[in-house]
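Peer 1: What follows is a structure written as structure tokens; I'll ask about it next.
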Amino acid sequence: MSWGTELWDQFDNLEKHTQWGIDVLEKYIKFVKERTEIELSYAKQLRNLSKKYQPKKNSKEEEEYRYTSTRAFLATLNEMNDYAGQHEVISENMTSLITAELTRYVQELKQERKSYFHDGRKAQQHIETCWKQLEASKRRFERDCKEADRAQQYFEKMDADINVTKADVEKARQQAQLRHQMAEDSKAEYSSTLQKFNSEQHEHYYTHIPNIFQKIQEMEERRIVRIGESMKTFAEVDRQVIPIIGKCLDEITKAAESVDHKNDSQMVIEAFKSGFEPPGDVDFEDFTQPMKRTVSESSLSNSRGDGKSEPKFGSKSKGKLWPFIKKNKLMSLLTSPHQPPPPPPASASPSAVPNGPQSPKQQKEPLSHRFNEFMTSKPKIHCFRSLKRGGAGPEDFSNLPPEQRRKKLQQKVDELNRDIQKEMDSRDALTKMKDVYIKNPQMGDAASVDHRLAELGQNIEKLRLEVQKFEGWLAEVEGRLPARTEQPRRQSGVYEAQNPSGVNSCAQDRESPDGSYTEEQSQETEMKVPATDFDDEFDDEEPLPTIGTCKALYTFEGQNEGTISVAEGELLYVIEEDKGDGWTRIRRNEDEEGYVPTSYVEVYLDKNAKDVHKPLQKISE
């Protein structure tokens, strides 16, 4: 099957067909180009999508990505970024392996096709010229033959006419012979031209044209093969990235399978656990007893259960407002008993429990009045959120709940240990450099690094002291060492009365009396607090001086946080009187102090007893 033999007379159709083949190839190139543009656009959109949902550095979103579900989402975003990269690879490979190669091949193909059809047209022109020469020789031979016939007829006519002279007859005979000679010459020329034309025509249709058409056929077949190979490459480019895309999808599946709801729930506990114990049950207050009692802090905090409306102090949630107060007072509220003291044993009547003639008569004001007065006072520091926004915080994180404080202290210890390791690595490197300088003085002066080594040693020592300090606080929180600070003291006073509206800006991050932390999401005015005021609020205070002594009338088991157990007949120091809530604060020694019901002890006030180390005098019953 050859175009030269089968399509010897279809030169024009072959020219149109090969041009159509080139157009198809160019159309395929355009298709691949548009595909690469789509791949690039898709990859760009995927990258933008992944970047859009990436957590911002140093933001709250970055902290949220510690949960397994959010980490899985972050892994999905990273894998989508790699997924986009594979589509970029598809675009690059298609551009280099298909578009660029086919574009260059099309140019070569056009030149080759032009050359072949130029040779074909030249061969056609040559055969047409030969045909024209043959036709001219044929017409000349035909004309000479006719002229020879007419001359012969004229000679015969002149020879038969008796009236014509002999000279005329001779002239006609010579003319006839001349014409016959010219006809013979034309015949010979025509015969020669015909043979030459037949030879040229045979060579044209059996040699030249078949060769040219064969080359055109091979060219067209190469084009077809090339476009087929390009289509195969088109598929192979996609197939090559399928394993990597499959790995991306496998990683996304693996990340999804790593989501652990139990672990996330535990992380929520670790993130928000305060470490405080829930408030105990509220005891029944028997108002039928003749003892004069006042409303306790717990009854105040639960007074809304009696159907009474509570005033709102700049907060949207009821019962959640608690001001930011000094550390010792805050801890006193959190750790002192949030319930009325228990009545004395039935064996003793309330009248048998005097406070002694030394006890001054103090006016018992309702706790609700003190609470309202306290809430209308203006604190020095506005709220917890002011600390988060850049306010200076205590170095030992004592403003945080116990569990959160432990985590912060552990993070600080780990950070300091990393800093120590960095400084030690720098010191080791400088020590090695100094040894090299000592062995090879031409490389440098060994004394030049002594100053830096001394600085590193001082830095390491400072960091170690810092670690010891924070580890001490951490051990205190974890209960491995005795408490460094004094026992929490009950709130016994109020702030200086100032503008009542100042407390409204503090209604965002507060503690409720039951020890729970709440956070209200609302707009607040940021107010700058001097670091000196903040430090004053959290400075460790001196232990409270003793104001008297007391004797335990009954055994009391201090089971609630902030209380202390006493045995009947035990002698103790009094460091704070009953403020109307039925509790008295006492101290056994420098490390043990707490609250006991006032009705369980007999108090002897001594205005001169101010020394905490003064020994107890025996009290006569």
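Position one of the sequence shown corresponds to residue 242 (the working numbering), numbered consecutively onward.
Yeah, the Cβ is synthetic: ideal placement off N, Cα and C, and Gly gets one too.
Remember, it's a predicted structure, so these values are computed and weren't measured experimentally.
Measure the CB-CB distance between V509 and I331 and report whether it falls below 9 Å.
Peer 2: Here residue 509 refers to the residue found at position 268 of the sequence shown. Here residue 331 refers to the residue found at position 90 of the sequence shown. No, Cβ-Cβ distance for V509 and I331 is not below 9 Å.
Peer 1: Of all the beta strand (DSSP E) runs that stay within the bounds of the stretch 328 to 372, which reach a length of 3 or more residues?
Peer 2: none
Peer 1: Which one of H328, K412, K268 has the shortest CA to CA distance from L343?
Peer 2: Residue numbering aside, residue 343 sits at position 102 when the sequence shown is read from its first letter. Comparing Cα-Cα distances from L343 to each of H328, K412, K268, the minimum goes to K268.
Peer 1: Tell me whether F396 sits in a helix, a strand or coil according to DSSP, three-state version.
Peer 2: Your numbering for residue 396 matches position 155 in the sequence shown. Three-state result, F396: helix.
Peer 1: On a CA-only basis, which of Q260, E256, Y306, D323 is nearest N289? Give me that one, please.
Peer 2: Here residue 289 refers to the residue found at position 48 when the sequence shown is read from its first residue. Selected option, being the one with the closest Cα: D323.
Peer 1: With a CB to CB cut of under 8 Å and the five nearest residues on each side skipped, what residues in its chain are close to G789?
Peer 2: By one-based count along the sequence shown, residue 789 stands at place 548. Cβ neighbours of G789 beyond the five flanking positions: Q599, Y814, V815, V844, Y845, L846, D847, A850.
Peer 1: Label Y294 either buried or exposed according to how many other C-beta atoms from any shown protein chain fall within 10 Å of its C-beta, with 16 as the threshold for buried.
Peer 2: Here residue 294 is taken as the residue at index 53 of the sequence shown, counted from 1. Flag for Y294 reads exposed.
Peer 1: Within 10 angstroms of the Cβ of R828, are there 16 or more other Cβ atoms? Answer buried if so, exposed if not.
Peer 2: Within the sequence shown, numbered from 1, the residue matching residue 828 stands at position 587. Buried.
Peer 1: Compare the C-alpha of E333 against each of T277, A670, V708 and name the closest.
Peer 2: Taking the sequence shown and counting its residues from 1, one reaches residue 333 at position 92. Measuring from the Cα of E333, the nearest candidate turns out to be T277.
Peer 1: Just the C-alpha distance for Q709 and L785, rounded to the nearest angstrom, thanks.
Peer 2: Your numbering for residue 709 matches position 468 in the sequence shown. Your numbering for residue 785 matches position 544 in the sequence shown. Cα to Cα, Q709 sits roughly 28 Å from L785.
Peer 1: Could you tell me which residues DSSP pairs with K792 in its beta bridges?
Peer 2: As a working note, residue 792 is residue 551 in the sequence shown. For K792, which the question treats as bridged, DSSP gives the partners L812, E843.
Peer 1: Consult DSSP for T804 and reduce its assignment to one of helix, strand or coil.
Peer 2: Sequence index remark: in the sequence shown, residue 804 carries index 563 (1-based). Note: T804 maps to strand in three-state DSSP.
Peer 1: According to DSSP, which residues form a beta bridge with W824?
Peer 2: Position 583 of the sequence shown, counted from the start, is the residue given in the question as residue 824. Paired residues: P838.
Peer 1: Measuring alpha carbon to alpha carbon, tell me which of H367, R705, W244 ends up nearest K653.
Peer 2: Against the sequence shown, residue 653 aligns to sequence position 412. Comparing Cα positions, the closest option is R705.
Peer 1: For the structure I just gave you, are there three or more beta carbon pairs, one from the stretch 445 to 461 and one from the stretch 394 to 412, closer than 8 Å?
Peer 2: Touching, no.
Peer 1: Buried or exposed for P838, please, with buried defined as at least 16 other CB atoms from any protein chain shown within 10 angstroms of its CB.
Peer 2: Counting from 1 along the sequence shown, the entry for residue 838 is found at position 597. Buried.
Peer 1: Considering just the uninterrupted stretch of the alpha helix (DSSP H) at M460, what are its terminal residues?
Peer 2: Here residue 460 refers to the residue found at position 219 of the sequence shown. Run containing M460: 450 to 498, per the alpha helix (DSSP H) assignment.
Peer 1: Does F525 pass the burial test, meaning 16 or more other C-beta atoms within 10 Å, or should it be called exposed?
Peer 2: The sequence position of residue 525 within the sequence shown is 284, counting from 1. Classification for F525: exposed.
Peer 1: Provide the residue span of the alpha helix (DSSP H) that contains W261, from first to last.
Peer 2: Position 20 of the sequence shown, counted from the first residue, corresponds to residue 261. Where W261 is concerned, the enclosing alpha helix (DSSP H) stretches over 252 to 293.
Peer 1: Which residues bound the alpha helix (DSSP H) around D637?
Peer 2: The residue you call residue 637 lines up with position 396 of the sequence shown. From DSSP, D637 is part of no alpha helix (DSSP H); its letter is neither H nor E.
Peer 1: So N439 is in the alpha helix (DSSP H); what residue range does that whole segment cover?
Peer 2: Locating residue 439 in the sequence shown gives position 198, counting from the first residue. Looking at the DSSP string, the run of the alpha helix (DSSP H) that includes N439 is 407 to 444.
Peer 1: State the Cα-Cα distance for the pair D390 and H449, rounded to the nearest angstrom.
Peer 2: Translated into the one-based positions of the sequence shown, residue 390 becomes position 149. Translated into the one-based positions of the sequence shown, residue 449 becomes position 208. Going from the Cα of D390 to the Cα of H449 covers about 42 Å.
Peer 1: Nearest-angstrom Cα distance between R381 and S440?
Peer 2: Locating residue 381 in the sequence shown gives position 140, where the first residue counts as 1. Locating residue 440 in the sequence shown gives position 199, where the first residue counts as 1. So the alpha carbons of these two residues sit roughly 21 Å apart.
Peer 1: Report the option in K292, K274, F797 whose CA atom is closest to the CA atom of S337.
Peer 2: Along the sequence shown, one-based indexing puts residue 337 at 96. Comparing Cα-Cα distances from S337 to each of K292, K274, F797, the minimum goes to K274.
Peer 1: Do A364 and H258 have their beta-carbon atoms positioned less than 9 Å apart in this structure?
Peer 2: As a working mapping, residue 258 is identified with position 17 in the sequence shown. As a working mapping, residue 364 is identified with position 123 in the sequence shown. Between H258 and A364, the C-beta gap is not smaller than 9 Å, which leaves the two residues out of contact.
Peer 1: Pull up the distance between the alpha-carbon of Y836 and that of D822, whole angstroms please.
Peer 2: Reading the sequence shown from its first residue, position 595 is the one you call residue 836. Reading the sequence shown from its first residue, position 581 is the one you call residue 822. Between the alpha carbons of Y836 and D822 lies a distance of about 11 Å.
Peer 1: Rounded to whole angstroms, how far is the Cβ of E644 from the Cβ of G516, which I believe are closer than 8 Å?
Peer 2: Counted from its first residue, the sequence shown places residue 644 at position 403. Counted from its first residue, the sequence shown places residue 516 at position 275. About 4 Å; that satisfies the 8 Å criterion.
Peer 1: Taking the alpha carbon of S282 as the point to measure from, which residue in T340, S310, H328, Y431 has its own alpha carbon closest?
Peer 2: Against the sequence shown, residue 282 aligns to sequence position 41. If we check each option's Cα against that of S282, H328 comes out closest.
Peer 1: Taking the alpha-carbon positions, what's the E397 to K407 distance?
Peer 2: If you number the sequence shown from 1, residue 397 lands on position 156. If you number the sequence shown from 1, residue 407 lands on position 166. Near 13 Å, if we compare the C-alpha coordinates of K407 and E397.
Peer 1: Are there 16 or more other CB atoms within 10 angstroms of the CB of K387, so buried, or fewer, so exposed?
Peer 2: Residue 387 sits at position 146 when you count from the first residue of the sequence shown. Result: exposed.
Peer 1: Between the alpha carbons of V718 and L650, how many angstroms are there, rounded?
Peer 2: As a first step, residue 718 is located in the sequence shown; it is residue number 477 there, counting from the start. As a first step, residue 650 is located in the sequence shown; it is residue number 409 there, counting from the start. About 9 Å.
Peer 1: Closest to L641 by CA distance: which of K514, S506, I453, A377 is it?
Peer 2: On the sequence shown, residue 641 is found 400 positions in, with the first residue counted as 1. Between L641 and the set K514, S506, I453, A377, the nearest pair of CA atoms involves K514.
Peer 1: Check whether the stretch 471 to 488 and the stretch 407 to 424 touch, using three or more Cβ-Cβ pairs below 8 Å as the test.
Peer 2: Touching, no.
Peer 1: Within the same chain, show all residues whose beta-carbon is closer than 8 Å to that of N700, passing over the 5 residues directly before and after it, in chain order.
Peer 2: Taking the first residue of the sequence shown as 1, we reach residue 700 at position 459. Answer for N700: E664, listed in chain order.
Peer 1: Can you check DSSP and say which residues form a bridge with E817?
Peer 2: Here residue 817 is taken as the residue at index 576 of the sequence shown, counted from 1. R826, per the DSSP bridge assignment.
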